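Per the numbering used here, the sequence shown starts with residue 1178, numbered consecutively. Below is one structure, written out as structure tokens; the observations come after it.
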Amino acid sequence: TRQCHQNQRYNISVASGGKQYNVDEETKLYYPVISVRAVGLLFGIFLTVLVTLSSSNQRIMQATVSSGYDKSFGLFDEPSEAEYIKVLDVLRRHVNELYAFDPRVDLPTGSSTQLDHRLSQGRLSALPWMDQMHLNTLWEMNLHIPNKTSRETYFKQLIQESGEPDRLDRYAHVIVFHGANQPAEVREYIVGPMHLNEMTVTVKAAHPYLKRPLGGAEYGALLDFLAIICDQLRPILEVSYDASYFMSGPTSKWLNVVNLSNSDRSAKQPTRCQSSVMVENVRGKANCLIPSFASPLVTSSNPRARRIWFRLVRQVAPFIQYPVDIQFEIDITALNPQEWALNQIWFQGRTYTKVTEMLDLHKTGSLPIVPQPFVDLYPQQMRYGPGQIRKDENGAGLPVNAAILPTSFFTSATSGFKRRQQSQSESANPAKPAPEQKSSSPLFGYNRIQIAGRRVRYQSWDFHLTLRKETGLRVYGVYFAGHSIVAEAGLDETVTSYWGYSPFMRAMTSLESMYGVGAMSSELSPGIDCPKEAVYLPVQLVLSGESGPKVLKHGICLFEWLVQPPGGPLRRHFEFPGDRPEASGGSETTEHTNFAFGTPSRALVVRSIASIFNYDYIFDIVFHASGVIEFSVTPTGYIHVDTVPPNLFSYPSNQSWHEKSAFGFVSNTMPLYFVAHQHLFHYKIDIDLRSSRNFLKVIDVHGPTNHPGSPVSPPPTLWMSSRIARSEREARFHTQFEYPKQYLVCETQREEKLENPQCVGLINKGAIITLASHEHTRSYAWSRSVPMSFFSHRVVSNLLIIHCSE
């Protein structure tokens, strides 16, 4: 074997059938194989999609690139601040009294002082909640992607270098909450072109107001609504959790509505949260309870009502894993918060319909309560940074590396948890931070990467890159060796489905695009999220109409890596010499029996990370030098937890879901479930192999187990057959996980005799059967019982959509 270094060429002579072949490092052999890879587990799915070009003996043409990178924004990036302002001004001429964040007014560095501040976000946020919810407000503004025909023309002109390509006009896709309308509704608009001063405004669609996401004003009003409820339940919260709600009462925006006064609150004794708020702790404020919500629900049983579940969690990092067992279901159908209703309270496994019911039982001593003091799940795992000052419970200063550990852990007779004492040595000698480890440097080849206006060229790859607010990382116009492979590819949706004992967890089905996978993108940390030597690109996003346009400095990273397997070769072979002359086919020479070759598995990795509540998703698109595209998702972060009901072990054991571990593993530290859940990722891959006229070909592999009664004697051990889907109905089928198949998207509408068509193959190793019911999956029907089904226009599975033509 010979080690292949960057930019070093090796000629290797191979004897085969009397012919001599010279193979250099830049020459790649392509086989008619496509793979879509995904490895799935119930608790998390690692999704990978590999697309391999079916070609043969095609030479990679490396473009001459420079060492510098153009980090300017591209054609498919979200609207800039200047575009946002222009669209907002045009839209306000068509939508009466439209409130929105305006950088010229709402930023301290605003460039104008003569604008009307009356419609700014600052003016809106000062109004009472009820007034805010009855006004027209901007919800979001995204880029409206140009149609496919115009994109194809643009990309071809770029690839062919036939002069300056035709302009692709940029339009904005805008969503407005029309709270002032009668009835209120949600409208979508298309506004543009954004480079013109005079733009057109077109209404694209209208939707019922019940189906809107939870907005900022509505969430603020809910915090006040819960403050009123929790203030009434304060005696029960303090006895049960030695804690209270983080707010002592509703804000002035609610007080203006219900005609309360601040003097009503000032006369009360400080709450547990107020008493402990000045006591600093590295993990947070254990005596303060903050709300965590599940998505608003409109169910088929009550389609005209909008309800939401809240549970309280301790204000300790990570707060998602410190819930207490009290939950509230609130009807928020009305636009007037005074008309909201508390439907029910779930407290320690029992349901109550009114606050007064619980208070009456508590006064008489009839309310069952199991006290649950704070227990730290992660002692010593979080520390203050250099120079930060900590205080103990008495307000005295502590050294930076000191650890505050609980003296005991919670025990419950009904749940079987044992009391444990922490030794004095653990408290006096906290663990020292682990020494920083040096990471191995990859084989970088920055001279192979070229970036200009988000057009990326790497070896034979040429594509346009962006990060969309709704769906995150996305590529357009993907070419390999000058040929079109993919018109568009990226995540369309991700869903996490939970279940548990508590009603909050049963309502916890999260469709992440509602709040935006791209909007949740977090800053990438060099050396942790990506190699320090990676190329980092900024990302511009309009997070919402309430916060306006933002720029994420390190939103995307690109770097070259050795992959498949990590650090190993893409392809290699070593042939030992023949030990006997007759074994090599000759009696006098072994000249051509001993040879070797190898090719490094270089690939370009494009990465972004979305921090979606408790989970962080690492999204990678990997462009292999061999002609493979790989789409992968790696979930990390903190798993959701649910509280263990006090009467858990008294459940009958004749039903499987009554088992104590039915909904997840129980913590050894405190009465919590680490909840079993299912991740589903929905990808769209619009394959255009050389053109948009493609067809689907299915290769079935057969053997004696799935094809008994073969007329051939003895029966063959393994054989294959192919079929072509002639219609959309024929392209719908169920994946049989026990039998191997290969799905090919091919270039032409016919096959010549003895000639294979040009195809790409799709292998999805993460396809799993969706466990949720038909009724439960109405909002994400793509995840139902057809794990892989292809259409002439698209391919749908529980993990991806593939467009074959359009």
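The beta carbon of each residue, even a glycine, is placed where N, CA and C say it ideally should be. Since the structure is predicted, the reported quantities are computational estimates derived from the model, not experimental observations.
| Check | Outcome |
| --- | --- |
| Presumed contact (8 Å Cβ cut-off) between Phe1354 and Thr1314, rounded CB distance | 5 Å |
| Helix, strand or coil at Ala1666 according to DSSP, with G and I counted as helix | strand |
| Through-space distance from Tyr1675 to Arg1683, alpha-carbon basis | 6 Å |
| Every unbroken beta strand (DSSP E) within the stretch 1443-1510, with a cutoff of 3 residues, ordered by chain | 1461-1470, 1474-1476, 1479-1493, 1500-1508 |
| Test item: CB-CB of Val1493 and Phe1423 under 9 Å | no |
| Per DSSP, cross-strand counterpart(s) of Asp1343 | For Asp1343, which the question treats as bridged, DSSP gives no partner whatsoever. |
| Backbone secondary structure at Glu1807 - three-state DSSP | strand |
| Straight-line Cα distance separating Met1897 from Tyr1916 | 12 Å |
| Alpha carbon of Pro1514 to alpha carbon of Trp1306, nearest angstrom | 8 Å |
| Alpha carbon of Leu1873 to alpha carbon of Arg1631, nearest angstrom | 32 Å |
| Test item: CB-CB of Leu1688 and Gly1251 under 9 Å | no |
| Beta-carbon proximity of Tyr1348 to Leu1320, cut-off 9 Å | yes |
| Residue span of the beta strand (DSSP E) that contains His1384, given as start and end | 1377-1385 |
| One or two residues paired with Trp1638 in a DSSP bridge | Tyr1635, Phe1657 |
| Spatial neighbours of Ala1463 in its chain, beta-carbon cut-off 6 Å, leaving aside the 5 residues before and after | Arg1491, Val1493, Phe1551 |
| Where Asp1283 falls: helix, strand or coil (DSSP) | helix |
| Burial state of Ser1616, where buried means 16 or more other Cβ atoms lie within 10 Å | For Ser1616, the predicted model reports a pLDDT of 41, less than 50, meaning its position is unreliable; a value from the coordinates is still stated below. The residue is exposed, with fewer than 16 neighbouring Cβ atoms inside 10 Å. |
| Assigned secondary structure, Gln1919 (DSSP; H/G/I helix, E/B strand, else coil) | strand |
| Check: Pro1754 C-beta below 8 Å from any heavy atom of the ligand GDP | As far as ligands go, the structure on display features none, and thus does not contain the ligand GDP. |
| C-alpha distance - Ala1398 paired with Thr1476, whole-angstrom precision | 23 Å |
| Cβ neighbour criterion (16 or more within 10 Å) applied to Gln1171 | Since the first residue of the chain shown is 1178 and the last is 1983, residue 1171 is not available in this structure. |
| Whether Ala1787 touches Met1697 by CB criterion (9 Å) | yes |
| 3-residue-minimum beta strand (DSSP E) runs that sit fully inside the stretch 1696-1741, ordered along the chain | 1712-1719, 1726-1739 |
| Selection from Val1282, Lys1333, Pro1256, Thr1510 that minimises the alpha carbon distance to Ala1361 | Thr1510 |
| Burial state of Asp1401 (16 or more Cβ within 10 Å) | buried |
| Proximal residues to Arg1645 (C-beta, below 6 Å), its chain only, five neighbours per side dropped | Arg1651, Gly1695 |
| Under the three-state DSSP convention, the category Lys1646 falls into | coil |
| Tyr1261 versus Lys1709: straight-line alpha-carbon distance, rounded | 33 Å |
| Nearest candidate by alpha-carbon position, reference Leu1921, set Pro1427, Gly1732, Pro1823, Ile1662 | Ile1662 |
| Short Cβ contact (9 Å threshold) for Gly1677 with Phe1840 | yes |
| Ser1844 versus Val1852: straight-line alpha-carbon distance, rounded | 11 Å |
| Beta-bridge partners of Glu1365, as assigned by DSSP | Ile1352, Ala1382 |
| Beta-bridge partners of Ala1787, as assigned by DSSP | Ser1698, Tyr1794 |
| Backbone CA spacing between Ser1679 and Glu1329 [nearest angstrom] | 51 Å |
| Close beta carbons around Thr1813, own chain, < 6 Å, minus the five adjacent residues each side | Asp1793 |
| Where the alpha helix (DSSP H) through Tyr1261 begins and ends | 1258-1269 |
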